[in-house]
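Asker:
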Amino acid sequence: MRAALPALKASSSSKQWLARQARDPFVRARAGEDSASTTAKTPKTYRARSSFKLDELARKHPAILSGRAVVDLGAAPGGWSQVAERAIRHRHGVVVAVDLLPIEPMPGVEVVTGDFFAPDVRSRVEQLLAAGDRYDRTTADVVLSDMMAAMSGNRVRDVQASLDLVEAATEFAHLVLRPADGDYYAGGSLVMKYFHHPDLVEFKKTQLDPCFAKVVTDKPKASRAESSEAYFVCLGYKGRAGGSV
Ligand SMILES: C[S@@+](CC[C@H](N)C(=O)[O-])C[C@H]1O[C@@H](n2cnc3c(N)ncnc32)[C@H](O)[C@@H]1O
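Everything in the sequence shown is counted per UniProt numbering, starting at 1 for the first residue and increasing by one.
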């Protein structure tokens with residue numbers, strides 16, 4: 001007979017985490033238990049608490065989700081993809097969701113499992129964008145990146161990993177974002193998570209500001225106050241600084 005397992009005692013840090021989850025209006029709203037953080041426009045169930053971050057950013061900056069082709073980098077478990085899919089559904093658009101981790105299928109969302117740095121993952125994303133486009137275009141109207149590297153505990157390495165993701169997501173946006181077409185179409189948007197770091201002031205000035213009509217930083221209410229996380233919201237892609245797209 002199997003020996004009985006000793007009763008597990010919650011550590012004080014896990015007790016604190018459970019208490020914080022129980023108090024968090026966004027955790028309750030995600031599961032449809034609380035209307036405090038939902039509006040008529042925000043449905044009551046989401047896969048992830050993080051959905052409310054994109055939901056708020058898109059309400060403040062409606063241009064973010066005004067197109068029909070969205071690439072969601074670091075998409076698992078799919079909370080942001082749900083918000084994006086609901087926003088573009090009436091335009092018969094496509095959301096391509098990329099993550100190292102598998103994502104449960106959802107209607108209107110094409111899942112690509114793998115590292116977005118890998119060339120085969122990038123070409124799969126382009127194939128899916130072309131398949132969803134009447135003219136076979138491999139461009140996206142929106143690139144979202146809520147990517148976060150797994151923490152190693154080594155602060156220097158973790159900070160570097162998060163800076164690398166910001167740079168790589170920006171490079172990816174240059175490859176797939178639709179630039180403005182004269183006065184006819186505004187260019188695409190990039191929404192990207194970052195963690196505060198002094199180097200990012202210069203990064204915004206030299207790598208983002210020249211390439212978009214407008215770049216703002218924003219920290220939605222659902223982003224925990226104790227986290228240094230915030231988002232770059234970049235609207236109206238103009239192409240790479242210097243002109244070559
Ligand atoms: C905070 S979670 C994203 C939550 C998601 N936005 C949602 O609403 O459900 C960050 C994700 O980034 C993913 N990630 C980190 N590095 C990645 C990479 N190189 N390629 C693809 N996904 C990556 C992680 O696997 C993780 O699932």
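Glycine residues also receive a C-beta, built at the ideal position from the N, C-alpha and C atoms.
Tell me which residue opens and which closes the alpha helix (DSSP H) that LYS204 is part of.
Answerer: Here the question's residue 204 lines up with position 204 in the sequence shown. LYS204 -> no alpha helix (DSSP H), and no H or E assigned at all.
Asker: Roughly how far, in whole angstroms, is the beta-carbon of PRO77 from the beta-carbon of ILE103, given that I think they are within contact range, below 8 Å?
Answerer: Your numbering for residue 77 matches position 77 in the sequence shown. Your numbering for residue 103 matches position 103 in the sequence shown. Confirmed, Cβ separation roughly 6 Å.
Asker: Just to confirm my understanding: we take ASP133, look at its own chain, exclude 5 residues before and 5 after, and list those with CB closer than 7 Å. What are they?
Answerer: Residue 133 sits at position 133 when you count from the first residue of the sequence shown. ALA69, listed in sequence order.
Asker: Alpha carbons only, please: which of ALA173, GLU85 and ARG157 is nearest the one belonging to GLU126?
Answerer: Counting from one through the sequence shown, the residue named residue 126 turns up at place 126. Here the closest residue by C-alpha is ALA173.
Asker: Run through the DSSP bridge pairs and tell me what CYS234 is partnered with.
Answerer: To locate residue 234, count along the sequence shown from 1; it is residue 234. DSSP, once it has assigned bridges, lists LEU190 and VAL215 as partnering CYS234.
Asker: What's the call for GLU226, buried or exposed, on a 16-neighbour Cβ count within 10 Å?
Answerer: To locate residue 226, count along the sequence shown from 1; it is residue 226. With fewer than 16 Cβ atoms within 10 Å of its Cβ, GLU226 is classed as exposed.
Asker: Look at the alpha carbon of ALA36 and the alpha carbon of SER223, and state the distance between them as a whole number of angstroms.
Answerer: By 1-based counting over the sequence shown, the position of residue 36 is 36. By 1-based counting over the sequence shown, the position of residue 223 is 223. Unreliable placement is indicated for ALA36, whose pLDDT of 46 sits below 50; no coordinate value is reported for it.
Asker: I'd like the list of long-range same chain contacts for ARG89, defined as Cβ closer than 7 Å, with 5 residues on each side in sequence excluded.
Answerer: Taking the first residue of the sequence shown as 1, we reach residue 89 at position 89. GLY108.
Asker: Determine the closest residue to ALA131 out of LEU144, SER189, GLY93 and SER162, with distance taken between C-alpha atoms.
Answerer: As a working mapping, residue 131 is identified with position 131 in the sequence shown. If we check each option's Cα against that of ALA131, GLY93 comes out closest.
Asker: Enumerate in chain order the residues of its own chain whose CB-to-CB distance from ALA241 is below 8 Å, with the five nearest sequence positions on each side excluded.
Answerer: Translated into the one-based positions of the sequence shown, residue 241 becomes position 241. THR206, GLN207, PRO210 and CYS211, listed in sequence order.
Asker: Taking the beta strand (DSSP E) that SER145 belongs to, which residues open and close that run?
Answerer: Here residue 145 corresponds to residue number 145 of the sequence shown, with the count starting at 1. From DSSP, the beta strand (DSSP E) with SER145 extends over 142-145.
Asker: Check each residue's C-beta against every heavy atom of ligand 1 and list, in chain order, those closer than 5 Å.
Answerer: Taken from the N-terminal end onward, the list reads ALA48, SER50, GLY74, ALA76, PRO77, GLY79, TRP80, ASP99, LEU100, LEU101, ASP115, PHE116, ASP146, MET147 and MET148.
Asker: Measuring only the C-alpha atoms, how far is SER50 from ASP136?
Answerer: Against the sequence shown, residue 50 aligns to sequence position 50. Against the sequence shown, residue 136 aligns to sequence position 136. Distance between the alpha carbons of SER50 and ASP136: 32 Å.
Asker: For SER228, count the other beta carbons within 10 Å of its own beta carbon; 16 or more makes it buried, fewer makes it exposed. Which is it?
Answerer: By one-based count along the sequence shown, residue 228 stands at place 228. With fewer than 16 Cβ atoms within 10 Å of its Cβ, SER228 is classed as exposed.
Asker: Can you check the region 58-124 for any alpha helix (DSSP H) of at least 4 residues that lies completely inside it and give the ranges in chain order?
Answerer: As far as the region 58-124 is concerned, its whole alpha helix (DSSP H) runs of at least 4 residues are 79-88.
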